[in-house]
Amino acid sequence: MKVLMKPIEMVARFSQDGTPRPVKYMVTFEGESVVIRIDKILFKTEEKLAGNRMILFRCQSEINGILKLFELKYELNTCRWFLFKI
Numbered sequence: 245m246k247v248l249m250k251p252i253e254m255v256a257r258f259s260q261d262g263t264p265r266p267v268k269y270m271v272t273f274e275g276e277s278v279v280i281r282i283d284k285i286l287f288k289t290e291e292k293l294a295g296n297r298m299i300l301f302r303c304q305s306e307i308n309g310i311l312k313l314f315e316l317k318y319e320l321n322t323c324r325w326f327l328f329k330i
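Here is the structure:
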């Protein structure tokens, strides 16, 4: 997987306790916006990088007819989403 750490626009659901669950996201590749729906969340972990708490999601989706794995990060302090690896 290639590390990108690219900011993305996310549609997510939140549980009663405030835990996010990603649904779909929009990312721009080479000037073209692509919307990717998340088919399955394989696992979720919490990590702390340089004092910033982040939730890491490993997900899978069908992108251009190919099943792909990717990782999303949610930064808890700023409420921002990133496409970490694809």
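The opening residue of the sequence shown carries number 245 in this note's numbering; numbering runs sequentially from there.
Note that CB positions come from ideal geometry on N, CA and C, so glycine has one too.
Bear in mind that the values here come from a model prediction, so they are computed numbers and not experimental data.
* To do: Kindly indicate which three-state DSSP category Gln-260 falls into: helix, strand or coil?
  => coil
* To do: Closer than 8 Å by C-beta to Arg-265: which residues in its own chain qualify, once you throw out the five before and the five after it? Chain order, please.
  => Ala-256, Arg-257, Phe-258, Ser-259 and Ile-285
* Look at the alpha carbon of Lys-292 and the alpha carbon of Phe-328, and state the distance between them as a whole number of angstroms. => 15 Å
* Beta carbon of Ile-299, beta carbon of Tyr-318: below 8 Å? -> yes
* Starting from Cys-303, follow the beta strand (DSSP E) in both directions and report where the run begins and ends. => Residues 296-307.
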